[in-house]
Each structure stands twice: as C-alpha cells, then as structure tokens.
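Below is one structure; the comments refer to it alone.
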Amino acid sequence: DAATLYAARAAIDVFRHTPEGSDQAPRIRLRASIGVGDLHHFEIGGHKDEWHALLAGDAINDVASADADGEPDRVTASGAAWSLIRERCTSSQLLSGCVRLLSVDAEIGPPTELPSPGGLASDRLRANVPPMILDRLDVGIPVSQAGAFRTISSVFIAVGGVRPSDPDALSRLHSALLAIQQISDRFGGCVHQTRTDEKGTIVILAFGLPPNHHENDATRAVRAAVSFEATLKLLGLPCSIGVASGPVFCS
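Heads up: the sequence shown begins at 1378 in this note's numbering, then just goes up one per residue.
Following this line, the structure appears as structure tokens:
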C-alpha cells in the first residue's frame, strides 16, 4: 500500500534528520508508530470560528496497539501495517505481532499528485493556531522563541456514549465540543487538544496560557469542570473529568 509505505519512509526520515544534540542542547528523543484502517475525520466546535479536527476509527486503534510496543528512537509498525509493506522493508519481529521497522528498501519518490493548498484566507488559518502562539506572533516574537515554562491548570474530559460509526456521531460530537468551548471561554480557558482513544473522545483544556492567564486559574478550571459535567449530562453524554495543576513547557 503506497500510503503505508510513504508513512514508513517519513517516520524513518524524521529520525534520520533529528539533530544529535549536545551538552547545551540534549537530543530530543522521539518514537514513531504506524497503523492502518478506516478513519473518520470530523471538524467540530466552531465557537468564535475555532474548529478542531478529530480523527477516530480503526486506524487510530491500530496505531495505538503499535505505540504500546514503541520505544524511543524506534519506528514500530502494527502487524496489519507490516503486511502491506513487508516486501519492500526490513524489520525485526516483536512478540506482540508488531515489528520494529529498520529500513525502507524500495525506492520511492514523492506522490505524483500533491494536494493543492487552495486559497485559504489568513483568518481561516489563524483559527487553527493556538492563542498563545498568535499572541506572540502578533507582537513580533518569532515562533522559535515562543517556548516557555508556565504553571497552568489542565482539565481532561473523556466523553463516552458516541462511536465514530454512529449515524449521529458528527452532530453529537460537534454539540459537545461547542458547549465545552463556550464554557471554557467563559472561564478564561482554551481547548488544547481533541483526540480519541480507548476511553472515548478526549478533550484537554488549558487554563493559564497567555493571553488569558489569571492568579486564580486553578479555581477557574475547577468551576469549568463542574459546568462541563452538568452540560454534557444534559446532552446525554457520560463523561469523566480530571483537573490538575503544575508547570509545563508551552511552545
């Protein structure tokens, strides 16, 4: 499968081009995993024209199984992914049925047809950039200097009751995230990440990122969490919520 082969080549090339590091700048250690399967792509939210991509389906579950065997500085492919590229790659077998990908032996060039970037307006692109980065770019701070340690409060929401294959999955997930965005905005937080895993649909929010940082961000996060639970219950969606505070590196 061409797409799986391109994914394998890309993963190996990422490691090949990762700087070695030094005493002043230690090497960043990465791991990569490859899975295959059907994929559902949802664009949900939309509060203040802020949209979030949510990927779900067999492909996510398959790559998660490969990632469970992942190690730093290694590329791991699921058994299903390996079956599609085994004739053109070299690997070592793992007991789980996954493989450690060592090389792509086939010569492959770039895709013959690259997607057109289209004519996306700058304001549409800005809607997908985290507020902290926009805040720094708008005052002329380069992206390379945008990283900093900050104490924030984070809210983790696991939303259940919706499977990606359900006919009404898009409308229910959209309603859930839109409500979460509206509540988060009211308490001065922002949606940091949306994803799916074995717990369901995961939404991670941050309170304390610029330009919306406050002395009482922890209190705001807890109050928002109470509102999230009540609102999702009204939407007929079971959920579990956790709140934590501490230092993180934001970039």
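We put the beta carbon where it would ideally sit given N, CA and C, even for glycine.
Handout entry: Per-residue DSSP class, three states only, for R1386
Key = As a first step, residue 1386 is located in the sequence shown; it is residue number 9 there, counting from the start. In the structure shown, R1386 sits in a helix (DSSP, three-state: H, G or I).
Problem - Assigned secondary structure, R1477 (DSSP; H/G/I helix, E/B strand, else coil) - result: On the sequence shown, residue 1477 is found 100 positions in, with the first residue counted as 1. Three-state DSSP puts R1477 in a strand.
Problem - Collapsed DSSP secondary structure at D1574 in the structure displayed - result: For the purposes of this step, residue 1574 is taken as the residue at position 197 of the sequence shown. Three-state DSSP puts D1574 in a strand.
Problem - Neighbourhood of D1390 by C-beta, 7 Å cutoff - its chain only, sequence neighbours within 5 removed - result: As a first step, residue 1390 must be located in the sequence shown, where it is residue number 13. Once the five neighbours on either side are set aside, D1390 has no close Cβ partner at all.
Practice task
Please work out which residues of its chain come closer than 6 Å, Cβ to Cβ, to P1615, disregarding the five sequence neighbours upstream and downstream, and give them in chain order.
Solution key: Against the sequence shown, residue 1615 aligns to sequence position 238. Within the same chain, P1615 has close Cβ partners G1537, G1538.
Practice task
Measure from the alpha carbon of I1581 to the alpha carbon of each residue in A1384, V1516, R1540, F1605, then state which is nearest.
Solution key: Here residue 1581 refers to the residue found at position 204 of the sequence shown. Of the candidates A1384, V1516, R1540, F1605, the one whose C-alpha sits nearest the C-alpha of I1581 is F1605.
Handout entry: Beta-carbon proximity list for I1560, same chain, < 8 Å, skipping 5 on both sides
Key = Here residue 1560 corresponds to residue number 183 of the sequence shown, with the count starting at 1. Same-chain partners within the cutoff: A1601, S1604, F1605, T1608.
Exercise for the section: Measure how close the beta-carbons of A1436 and D1415 come, nearest whole angstrom, since I'm counting them as under 8 Å. Expected result: The residue given as residue 1436 occupies position 59 in the sequence shown. The residue given as residue 1415 occupies position 38 in the sequence shown. Right, their Cβ atoms sit about 6 Å apart.
Exercise for the section: Report all residues from its chain with a CB closer than 6 Å to the CB of A1388; omit the five preceding and five following residues, and keep chain order. Expected result: Numbered from its first residue, the sequence shown carries residue 1388 at position 11. Cβ within range, chain order: A1409, V1452.
Handout entry: 8 Å Cβ shell around D1439 - same chain, five flanking residues per side excluded
Key = Numbered from its first residue, the sequence shown carries residue 1439 at position 62. Closer than 8 Å at the Cβ level, and outside the excluded window around D1439, lie G1412, V1413, G1414, S1455, A1457, A1458.
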